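**Q**
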Amino acid sequence: MLFDFASVLVFIILGLLFIFFVLLFSWVVSPRNPDKDKASTYECGERPLGPAWMKFNIRFYVIALIFIIFDVEILLLFPWAVVFQKLPKGVALVEVLIFIGLLLVGLAYLWNKGDLEWVKTVDKDK
Amino acid sequence: MSNSEIIYTVIFYVFGLLTIGSACIVAFSRNILHSAFALLLTFFGVAGLYVFLQADFLAAAQVVIYVGGILVLILFAVMLTNKITDIHMSNPATKPWLAAPLVLIVFAGLTWLIVKTDWAVVETAKLISEPTVEKIGYAIMGKYLLPFELISVLLLGALLGAAYLARPKKKD
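Heads up: the protein sequence lines correspond to chains A and B, in order. Position 67, counted from 1, in the first sequence is what my numbering calls 53; the numbers after and before it change by one each time, with no gaps. Just so we're on the same page, my numbering is the position in the second sequence counted from 1, plus 1260.
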């Protein structure tokens, strides 16, 4: 099993090397004569006003919280999916449908209460 | 030591150093955003250590939930907080004379535990075992079915609670 993870490690190392060499390559070949406009955040775009470190909208946090809940749910479905073929079909399916169904009730509740709606609530905040 | 054992040992220490080093950055960085990003490496290093403990499912869970979820949440929490760019707000040092003995006591206690515990040593050759995901699958579909369904209820509670607390309060 550790050997399987060796391939994961190889992927990670290759990924890091790839990033390193791409950055190195662009550093080697790129000409450097900066001026004020080029050094700004968006060279061809808006001039930034104020610092980038501003307050985020709380909506991001709510969506991230909801995401984590379903993240855990998906994770717990993996062991089930692995053994699904070897279990009595109906039973395993019903067991998982109960598991998912309970969380779907929660999702339906959030949807109904408007917690998932982005634009509407932003307007309400203003 | 055989060749493969040496490689395992080296990789183990790399992950250990990665975990401890980035944990130090989390603790000592003057910028709370740098701390949050260093936490990424800490979580990742811990996932690597889980692999060495033959806990493949736990390692995957660590990456999926902590790196993919909790860390994003922490970053959002940092970005959401007002005036957190001010170091006196984000990393205040309070009462070092009180903290020092506490830290020393915890350190001594942990060291004592590490020295006293009778660590089970398993030969590396015996460690090459089958994946645990399948066993976990049989366990949650059989013996631990009720806890598995209860997790769903727990998650439902967390979902509703989080949404309720984060909902903007009506002004009437």
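For each residue, glycine too, the CB sits at the ideal point set by N, CA and C. Keep in mind it's a predicted model, so treat the numbers as computed, not measured.
#1: Checking 9 Å against the spacing of the C-beta atoms, do aspartate -10 (chain A) and aspartate 1316 (chain B) come in under that value?
#2: Helix, strand or coil: which one does DSSP assign to valine 1274 (chain B)?
#3: Is there at least one Cβ from chain A nearer than 9 Å to serine 1262 (chain B)'s Cβ?
#4: Find out if the Cβ-Cβ distance for the pair tyrosine 95 (chain A), leucine 1415 (chain B) is shorter than 9 Å.
#5: Going straight from the alpha carbon of leucine 1358 (chain B) to that of leucine 79 (chain A), what length do you get?
#6: Please identify, using Cβ separations under 7 Å, the residues of the stretch 1396 to 1430 of chain B that lie next to chain A, in order along the chain.
#7: Alpha carbon to alpha carbon, how far is phenylalanine 1297 (chain B) from valine 15 (chain A)? Give it in angstroms, no decimals.
#8: Which whole-angstrom value is the C-beta distance of leucine 1318 (chain B) and tyrosine 1310 (chain B), which I expect to be below 8 Å?
#9: How should serine 1262 (chain B) be labelled, buried or exposed, when 16 other C-beta atoms within 10 angstroms of its C-beta is the threshold for buried?
#10: If you count every other CB in all the chains shown that lies within 10 Å of the CB of alanine 1434 (chain B), and 16 or more means buried, which is it?
#11: Just by C-beta distance, which residues in the stretch 60 to 71 of chain A are closer than 7 Å to chain B?
#12: Could you compute how far the alpha carbon of isoleucine 52 (chain A) sits from the alpha carbon of threonine 1341 (chain B)?
#13: For leucine 1364 (chain B), which residues in the same chain have their Cβ closer than 8 Å to its Cβ, ignoring the five residues on either side in sequence?
#14: State the DSSP-derived secondary structure class of threonine 1269 (chain B), mapped to helix, strand or coil.
#15: Can you list, in chain order, the residues of the stretch 1287 to 1312 of chain B whose Cβ is nearer than 8 Å to any Cβ on chain A?
#16: In the stretch 82 to 93 of chain A, which residues sit with their C-beta less than 9 Å from some C-beta in chain B, listed in chain order?
#17: Listing by chain order, which chain A residues have their CB less than 8 Å from the CB of isoleucine 1330 (chain B)?
#18: Which same chain residues end up closer than 7 Å to glutamine 1322 (chain B) when comparing Cβ atoms and leaving out the 5 residues on each side of it in sequence?
#19: Straight-line CA distance for isoleucine 1266 (chain B) to tryptophan 104 (chain A)?
#20: Since phenylalanine 56 (chain A) is in the alpha helix (DSSP H), which residue starts that stretch and which ends it?
#21: How far does the alpha helix (DSSP H) with valine 1245 (chain B) in it reach, from first residue to last?
#22: Going by the beta-carbon positions, is the gap between proline 65 (chain A) and valine 1393 (chain B) smaller than 9 Å?
**A** Reading off the structure:
#1: A Cβ-Cβ contact shorter than 9 Å links aspartate -10 (chain A) with aspartate 1316 (chain B).
#2: In the structure shown, valine 1274 (chain B) sits in a helix (DSSP, three-state: H, G or I).
#3: no
#4: 9 Å or more divides the Cβ of tyrosine 95 (chain A) from the Cβ of leucine 1415 (chain B).
#5: In this model, leucine 1358 (chain B) and leucine 79 (chain A) are separated by some 56 Å (Cα to Cα).
#6: Ile1396, Gly1397, Tyr1398, Ile1400, Met1401, Leu1405, Phe1408, Glu1409, Ile1411, Ser1412, Val1413, Leu1415, Leu1416, Ala1418, Leu1419, Leu1420, Ala1422, Ala1423, Ala1426, Arg1427 and Pro1428
#7: Spanning the two alpha carbons is a distance of roughly 30 Å.
#8: 5 Å
#9: exposed
#10: Because residue 1434 (chain B) is not part of the residues shown, which for chain B are 1261 to 1432, the question remains open.
#11: So the list reads Leu61, Leu62, Phe64, Pro65, Trp66, Val68 and Val69, given in the order they occur along the chain.
#12: 19 Å
#13: none
#14: helix
#15: From the stretch 1287 to 1312 of chain B, only Leu1293, Val1311 and Phe1312 have a Cβ closer than 8 Å to chain A.
#16: Val82, Ile84, Phe85, Ile86, Gly87, Leu88, Leu89, Val91, Gly92 and Leu93
#17: Simply Ile54.
#18: Phe1303, Val1306, Ala1307 and Tyr1310
#19: Rounded to the nearest whole angstrom, the CA to CA distance from isoleucine 1266 (chain B) to tryptophan 104 (chain A) is 53 Å.
#20: 44 to 69
#21: This structure cannot speak to residue 1245 (chain B), because chain B is shown only from 1261 to 1432.
#22: yes
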